[in-house]
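Shown next, in structure tokens, is the structure this report addresses.
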Amino acid sequence: MNFELIKKLSSKPKLYEKGSSVMWTDPYISKKLLELHINPDHDIASRNKTKIENISNWILQQANNSKMNILDLGCGPGLYAEFMAQKGHSVTGVDFSENSIQYAIKQAREKQLDIEYLNQNYLDIDFVEKFDLVILIYLDFCVLLPEERDKVLRNIYRALKKGGLFICDVVNEMNIDKKIIAQSWEIQETGFWKDAPYIALTNGYHYPEAKVLANHHIIIGENDTIDTYIFWTHYFETKDLVEILEMHGFGEIKCYNNVLPKSNDYWNGENVTFYVSGKE
Ligand SMILES: C[S@@+](CC[C@H](N)C(=O)[O-])C[C@H]1O[C@@H](n2cnc3c(N)ncnc32)[C@H](O)[C@@H]1O
């Protein structure tokens, strides 16, 4: 085992350092993720079924329009898209996980729902004034690096019709120190990260100057293979997010802290805020 390399990799990552691998599009991990997404009973990858229904209803109430063109960015297996299509809306879902999109297409076909799914990176979408509502749900806004965030917001603004709404949920600053994951390790014959034996070393860090947390995973496989994954999660005070949204042209910005109930769930109504903003 290359001890010196592992020691070096185990140090605190530089701000916005990238890992060696991408979780969402890895062929093996994305299958494991799809299993997690479609399990209705927990909040891993996607929220549980009750929360998804409640959030979807809440989102539709904000728009208050019975027939909309809706764009769901990072739609995963289409849990929100399906709910909204079943309420009579025409939905487009975009996700770069091929596994999730193939599953979503099959479900929509079987249920005869008006949903178009695109297997695409949402940083590259180029719709122009097509949608009444764009959603980016389950804290996806928080994982974007600043330049990606700017790109996505430009894409969303362009994609919206005049008077359209953008709705996203973000981590806020409440009790953020409690969200730094603890150092841990695991050894598996097969598991989430690999269909082969591996050791996983995990650590969490806080970068208060950039208001961002990092979850750092080092996965050591047989024959000394090493993959690293670094997940950045920004948290936003209201003044910061309002400034970012306004800079991109959005107005009528409203924030809601009561969409999720306060609970013992890792992400709950205390630390997740929903934002509704409009293209005027
Ligand atoms: C946390 S999951 C949320 C899925 C869905 N919004 C939900 O709540 O059920 C994030 C999703 O965004 C997708 N994703 C992440 N970055 C993306 C990107 N740049 N372009 C397209 N999809 C992306 C992932 O593949 C994954 O399906």
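Count along the sequence shown starting at 1, add 16, and that's the number in my numbering. Backbone N, C-alpha and C fix where the C-beta goes; we use that ideal spot for every residue, glycine too. Just so it is clear, the structure is predicted and the values come from calculations on it, not from any experiment.
Endpoints, alpha helix (DSSP H) assigned at residue i
i, result
"H348", "Past the boundaries of the shown model lies residue 348; the chain is included only from 17 to 296, so the question cannot be answered."
"I242", "Taken as a continuous stretch (DSSP letters only), I242 belongs to no alpha helix (DSSP H), being part of the beta strand (DSSP E) at I242 to H250."
"F290", "Unbroken run through F290 is the beta strand (DSSP E), V288 to K295; no alpha helix (DSSP H)."
"W201", "Counting along the chain, W201 falls outside any alpha helix (DSSP H), though it belongs to the beta strand (DSSP E) covering S200 to Q204."
"E259", "T254 to M263"
"F19", "F19 to L25"
"K97", "The sequence given here has Ala at residue 97, not Lys. Per DSSP, A97 belongs to the alpha helix (DSSP H) from L95 to Q102."
"F147", "No alpha helix (DSSP H) holds F147; the beta strand (DSSP E) holding it covers F147 to L152."
Contacting residues, own chain, Cβ-Cβ under 6 Å from residue i (five flanking each side not counted)
i, result
"D243", "S36, S37 and I235"
"S106", "N85 and D130"
"T218", "S200 and H233"
"V275", "W74 and F290"
"M39", "I45 and Y245"
"I117", "D111, Y133 and N135"
CB-CB length for residue i against residue j, believed under 8 Å
i, j, result
"K295", "G179", "7 Å"
"I60", "L52", "5 Å"
"M190", "N287", "5 Å"
Where residue i falls, given that 16 or more other Cβ within 10 Å makes a residue buried
i, result
"A198", "exposed"
"G104", "exposed"
"S82", "exposed"
"H250", "buried"
"I71", "buried"
"P93", "buried"
"G203", "A small correction: the amino acid at residue 203 is Ile; Gly does not occupy that position in the sequence shown. Result: exposed."
"A226", "exposed"
"K67", "buried"
"N188", "buried"
"V168", "buried"
"D7", "Residue 7 is absent from the structure shown; the chain starts at 17 and stops at 296."
"K210", "buried"
"S293", "buried"
"E238", "exposed"
"E145", "exposed"
Cut-off 8 Å between Cβ atoms - residues of its own chain near residue i, not counting five sequence neighbours on either side
i, result
"D142", "N171 and R174"
"C184", "I151, L152, I153, D156, F157, F290 and Y291"
"L139", "E164, K167, V168 and N171"
Contacting residues, own chain, Cβ-Cβ under 7 Å from residue i (five flanking each side not counted)
i, result
"L161", "Y32 and W248"
"Y119", "L50 and P93"
"P56", "N64 and K65"
"N273", "G285 and T289"
"N115", "S46, K47 and L50"
Cβ-heavy atom distance, residue i to ligand 3, below 6 Å
i, result
"S116", "Here the bound small molecules are ligand 1; ligand 3 is not part of this structure."
Delimiting residues of the beta strand (DSSP E) encompassing residue i
i, result
"N135", "I131 to N135"
"D59", "Counting along the chain, D59 falls outside any beta strand (DSSP E), and DSSP gives it neither H nor E."
"V313", "Outside the shown range of the chain (17 to 296) lies residue 313, about which nothing can therefore be said."
"I235", "V228 to G237"
Quick check: the region 99 to 113 against the region 132 to 148, are at least 3 beta-carbon pairs closer than 8 Å? yes
> Counting Cβ pairs closer than 8 Å, one from the region 266 to 276 and one from the region 140 to 157, do we hit at least three?
Replying inline: no
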